[in-house]
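Residue numbering for the sequence shown follows full-length UniProt numbering, beginning at 185 and increasing consecutively.
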Amino acid sequence: FAINMEQFQLNEELGKGNYGTVKKVLHKPTKVAMAMKEIRLELDDAKLNAIIMELDILHRAVAPEIVEFYGAFFIESCVYYCMEYMDAGSLDKLHGAGVPEDVLGRIAGSMVRGLKFLKDELQIIHRDVKPTNVLVNKKGEIKLCDFGVSGQLEKSLAKTNIGCQSYMAPERIKGESQNNLGTYTVSSDVWSLGLSMIEIGLGQYPYPPETYSNVFAQLTAIVHGDPPELPEEKYSEEARDWVRQCLAKKPEDRASYADLLDHPFLKRDRARKDVDMVGWVRIALEHRAKLAEVAQA
Ligand code: ADP
């Protein structure tokens with residue numbers, strides 16, 4: 185069935201991204217709380233229609249590690265994209281000073297399974313793996329969103345793509361990202377996955393803008409410097425090695441998703457029954473609320 189704006193009650197704003205605003209909404213016919221993302225695009229109706237049609241593939245992206253897609257429509261030059269509401273928000277605001285190793289394992293496992301599902305079942309490469317695109321709910325579930333399914337949408341967004349935190353793999357920064365067929369390879373996502381794990385483990389983006397005088401210096405460090413590592417004091421050699429397998433400088437040296445799932449770090453994660461994700465989310469949300477209070481004062 186098709187959804188349209190009349191069916192929604194618009195509630196509070198959940199966040200602002202590079203491309204638009206996300207609001208909490210209620211889908212009145214089904215009483216389902218959803219998140220609605222508004223993306224402003226200066227395009228003609230034919231192109232907007234093409235985007236809506238390309239997004240349709242998302243109805244097949246149903247897996248425990250993927251944020252559910254409910255539908256999309258456009259009004260004037262805005263695309264409205266409706267998805268599952270994730271009540272703890274994105275991972276970038278939950279990691280605090282770095283998550284414990286057992287939680288890191290659960291997050292890593294979920295992300296790899298989500299990325300592997302997209303690739304194996306839908307032939308989709310995510311292309312934008314980073315903590316803001318990993319959503320969490322109070323049940324302790326970790327799900328991916330914002331993956332590249334619409335060529336037309338990607339093309340329209342590319343122009344505004346600026347940001348001071350790059351999760352791009354060295355080969356993509358150097359401009360070798362595309363092979364002769366013009367397609368990205370999955371190993372670039374593996375780098376971004378590794379970098380996201382470092383951020384969640386350290387509690388901060390590993391190439392902080394304060395350290396580099398400009399974006400060029402920061403990108404040079406990513407391309408020519410040693411890849412970052414998880415801190416030795418806090419994480420086991422298994423966890424640190426897992427991240428190392430993601431952050432090989434040469435794409436051909438990076439692990440595949442199957443290798444990453446087979447690694448002792450994630451085998452141990454699957455064997456554990458006692459990882460308290462619900463408790464971790466609760467504490468992370470309290471911490472986030474305190475930070476927001478301090479910022480207000
Ligand atoms: P970006 O463009 O930086 O990837 P988005 O526009 O996707 O950011 O989202 C902006 C913010 O809105 C996120 O950081 C998150 O806090 C919130 N958000 C996005 N989608 C959802 C969702 N499905 N449920 C709850 N919050 C969401």
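Every residue, glycine too, gets a C-beta built ideally from N, C-alpha and C. All figures in this text were calculated on a predicted structure; none of them were measured in a lab.
Sequence-distant partners of G378 (beyond 5 residues in either direction) whose C-beta falls short of 6 angstroms from its own C-beta, in its chain, are V427, C430 and L431.
One Cα belongs to G280, the other to L288, and the distance between them is close to 13 angstroms. Under the three-state reduction of DSSP, G273 is assigned to strand.
One thing to note: A479 has its Cβ no nearer than 8 angstroms to the Cβ of L278. For A473, there is no enclosing beta strand (DSSP E); the residue is found in the alpha helix (DSSP H) stretching over M461 to Q480. Here DSSP, grouped into helix, strand and coil, assigns A439 to coil.
I326: member of the beta strand (DSSP E) spanning I326 to L328, first to last residue.
Between the C-alpha atoms of V407 and Y441 there is a straight-line separation of about 23 angstroms.
Fewer than three pairs of CB atoms, one per stretch, sit closer than 8 angstroms, so the stretch 398-407 makes no contact with the stretch 298-311. In the DSSP assignment, R244 is bridged to no other residue. C-alpha of E436 to C-alpha of V320: approximately 31 angstroms in a straight line. Taking the Cα of Y203 as reference, the smallest distance to any Cα among A217, Q191 and Y265 is reached at Y265. About 5 angstroms separates the beta carbon of V465 from that of A272, a gap short enough to meet the 8 angstroms contact definition. The DSSP assignment places 318-320 and 326-328 as complete runs of the beta strand (DSSP E) inside the stretch 289-358, in order along the chain (cut-off: 3 residues). Those residues that bring their Cβ nearer than 5 angstroms to a heavy atom of ligand 1 are L198, G199, G201, N202, V206, A219, M267, Y269, M270, G273, S274 and T316.
According to the DSSP assignment, M237 belongs to the alpha helix (DSSP H) that extends over D229 to L239. One Cα belongs to K221, the other to V263, and the distance between them is close to 8 angstroms. At a Cβ-Cβ threshold of 8 angstroms, A219 and M295 do not count as neighbours. DSSP lists no bridge partner for C430.
Sixteen is the threshold: since fewer than 16 other Cβ atoms of the shown chains lie within 10 Å of the Cβ of P392, the residue is exposed. Taking every protein chain shown into account, the CB of P315 has 16 or more other CB atoms within 10 angstroms, so this residue is buried. Shown here, E196 sits in a strand according to DSSP, grouped into three states. DSSP places R224 in the uninterrupted beta strand (DSSP E) bounded by V216 to R224. By the Cβ-count criterion, M461 is buried, with 16 or more other Cβ atoms from all chains shown falling within 10 Å of its own Cβ. In the DSSP annotation of this structure, the continuous segment of the beta strand (DSSP E) that includes T205 starts and ends at G204 to H211.
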